[in-house]
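Here the structure comes first, spelled out in structure tokens, and everything after it is commentary.
Numbering (the numbering used here), first residue to last: 179 to 1018.
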């Protein structure tokens, strides 16, 4: 309790410096809450909230009346004639719809603000500012007990607050499910009822072109309305649907007409989104591509299109803004085209590192975003931001970004951002520390002066009480470890990118077990249990070991964690966790866990003195282990660095059908093992066959020989193209080609990855033109690598390189080959372990 006393001493220290004019809250018995009969529903509700919260804080219940019974001892809620006649009257001139003004005198209190939400928000601001209330969760509002209060005195002052962000959306489902709580957090995007002041009349800028130009309506008769990609009008696309041809004049007119139609149905709306769908197949037709090349970005033709729509909409709705995303391929602003005055730009930070603040000069990933922010700020006066605050691949895995949230919000404010969407796991209940995170996000975007790490500590102290310290120790350990790991995780990180290793996950587990022993009561214990789910998920993803028994791979866990799967499932179900990832329901993940630990997955192994290779025939025949025995090293990149990832994620080493067939239809191969080889075969839906043969030899024990044969058996000819995709673990994060090298064979070996940071580097043309039929990577620090050889007449190398992960795909892609019935395509290639660079 000493720690609590210390915190409260800081929280209440202002009382010691108050001047002579103060109000003693403990003497407010007999005061009256005054709200006019004709007050808005939100102002009437504000009076009720003041009554309820003041009773909770001070144990004094004040009556509510339409008129003050006397000139003094009143709490005026909202604008009214009575307030304007009082000695504490305030002017509300110039206040926006959410701005608030508080005035405290020795005789009266006024809480009022702009309409419709200013007065209600003023009540909550009063409770936080003067009574030290904290709206922690929908079912936990905190006020300090009387024994912890240093003083009931509050200063007599006038205080005005204007929220800097007009649009505030911390994307947690708690704010959907509990509108009263969302209002208390001053979230203006979810509580639509009049008593909460309704929601902002500006809406989120999001993907909408699928709505304004639906492919179902226009695609068949007008394919030219849609994006031309690789010479085709692509009408079947994910992410909402195909992108549109933004230079087509008919598209401009149709979209503008449909936008106006939507505004006719919602005349109070102050903005509307006209933005790309969620894929990157933008139009490459001659007109679109000419503008893209001239402007240096696909945002060029897209912004010209948005401007054209905005010009047409403005004629009928001059006060409405047209919003569009600066997202993915449109994030970079054009060289010359500028947004019209009635256009909003919403930048999306999806490529950014989440561990460090966006403006941290040491974060390589974030520099380009900051440059784009600077460039947009020069040409647009209405900028919004879509920021990412969760791990979409693992909703409940530890996610160390609490230190970055506050600095990010401050950075957005400094750059004059007007609307802020803080996306989290809002499509599911629960998730990693969702209560804490919703509190931190909501508080920061209401008041960017607050520090996110301090808010996290405040939440833990108040919500977990006696169990808080181990949880705070866990958070410190998690963030310190992630910052020391060298990774820069985005919003789709794998466990390894978060610095999670078995020993770190075990520490997390231990911290929460200690916290459970310190819980003050069953209610606190339940809160700690909910918070501990993230530690269990970390154990599941990083502490498992795979075993092959009776032809099946299974995952086992150390005895220390008990029946960790059942305990994890129990906690998730008790605390209503509905989604394990953005697109994976929790129940589906539970089935994966059960299968991994109980049933296992059918597997087959190929082994000699140097190699142990394990394949899963039912998962497109992918290889999940490529273990080089002398070094005891699995060369394949395991996204979690443990066996469970092999059950839950694509990857490792497999072959993909790019043209002619879908490698997942069917996904199952039939396996036939012989002494030194393994044959995987399957029949495609049209009767064609695919046969893969892997062989090991004691004569050349360091080599793995692979050969794939596709035989076309349908009557009509078909064009095929196949990709071989091995995902190798480079075991180092480096963009220094002297540390981690990539080589290609032409006449001689050539080092080609100098300056590479991702899939395309400055010498990528060397891959296209090389004729030597071999390439490799080599880790000089660890002294190992992989050599890949292939038929250069049939296969071409395509390196997927990511210096932000210990990851290199030495991919091989066949040419496009047309086969007639009975004809075959055979593709040979080999792998070899390297203990020195390939040219030595």
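Virtual Cβ for every residue (Gly too), placed ideally from N, Cα, C.
Query                                                                                                                                : Result
Cβ contact (3+ pairs, closer than 8 angstroms) linking the segment 637-652 and the segment 685-693                                   : yes
Pairwise C-alpha distance: residue 502 and residue 219                                                                               : 34 angstroms
C-beta atoms of residue 261 and residue 290 nearer than 8 angstroms                                                                  : yes
Nearest-angstrom beta carbon gap, residue 899 and residue 838 [assumed within contact, 8 angstroms]                                  : 7 angstroms
Cβ neighbours of residue 911 in the same chain (closer than 8 angstroms, five flanking residues each side left out)                  : 664, 665, 981, 982, 983 and 984
CB-CB length for residue 341 against residue 424, believed under 8 angstroms                                                         : Wrong, their Cβ atoms sit about 35 angstroms apart, outside the cutoff.
C-alpha gap between residue 994 and residue 937, whole angstroms                                                                     : 22 angstroms
Given 8 angstroms, three or more beta-carbon pairs between the segment 884-897 and the segment 926-937                               : no
Beta-bridge partners of residue 526, as assigned by DSSP                                                                             : 564
Beta-ladder partner(s) of residue 539, from DSSP                                                                                     : Note: residue 539 sits in no beta bridge, so no partner.
Whole-angstrom C-beta distance between residue 596 and residue 560, which should lie under 8 angstroms                               : 6 angstroms
Helix, strand or coil at residue 848 according to DSSP, with G and I counted as helix                                                : strand
Neighbourhood of residue 275 by C-beta distance below 7 angstroms, restricted to the same chain and skipping five residues each side : 292, 293, 294, 295 and 296
Any 3 or more C-beta pairs closer than 8 angstroms across the segment 629-636 and the segment 524-542                                : no
Assigned exposure category for residue 439 - 16 Cβ within 10 Å defines buried                                                        : exposed
Opening and closing residue of the beta strand (DSSP E) in which residue 723 lies                                                    : 723-727
Three-pair Cβ contact test at 8 angstroms for the segment 391-411 versus the segment 244-255                                         : no
Coarse secondary structure for residue 168, derived from DSSP in three states                                                        : Nothing can be reported for residue 168: it is not among the residues displayed for the chain, which extend from 179 to 1018.
Touch test, the segment 722-739 against the segment 578-589, Cβ-Cβ under 8 angstroms, three pairs minimum                            : no
Selection from 359, 796, 654 and 500 that minimises the alpha carbon distance to residue 620                                         : 359
Touching by the beta-carbon criterion (3+ pairs, under 8 angstroms), the segment 587-603 and the segment 345-353                     : yes
Touching by the beta-carbon criterion (3+ pairs, under 8 angstroms), the segment 853-872 and the segment 766-780                     : no
Segment limits, alpha helix (DSSP H) that includes residue 615                                                                       : 612-624
Three-state class that DSSP yields for residue 463 in the structure shown                                                            : coil
Beta strand (DSSP E) runs wholly inside the segment 274-307, at least 3 long, in chain order                                         : 278-282 and 286-291
Nearest neighbour of residue 726, chosen from 793, 679, 643 and 856 [CA to CA]                                                       : 793
Whole-angstrom distance between residue 760 and residue 615, CA atom to CA atom                                                      : 17 angstroms
Paired residues, beta bridge with residue 1008 - DSSP                                                                                : 883 and 967
Close-in-space but distant-in-sequence residues of the same chain around residue 626 (CB under 7 angstroms, 5 per side omitted)      : 342, 587, 588 and 591
DSSP state of residue 354 mapped onto helix, strand, coil                                                                            : helix
Residue 732, DSSP secondary structure in three states                                                                                : strand
DSSP three-state assignment for residue 312, whether helix, strand or coil                                                           : strand
Other residues of its chain near residue 607: CB distance less than 7 angstroms, five sequence neighbours each side excluded         : 351, 754, 755 and 756
Sequence-distant residues of the same chain with beta carbon closer than 7 angstroms to residue 517, five excluded per side          : 481, 485, 523, 557 and 558
Cβ neighbours of residue 999 in the same chain (closer than 7 angstroms, five flanking residues each side left out)                  : 890, 891, 892 and 893
Cβ contact check for the segment 707-725 and the segment 675-686: 3 or more pairs under 8 angstroms                                  : yes
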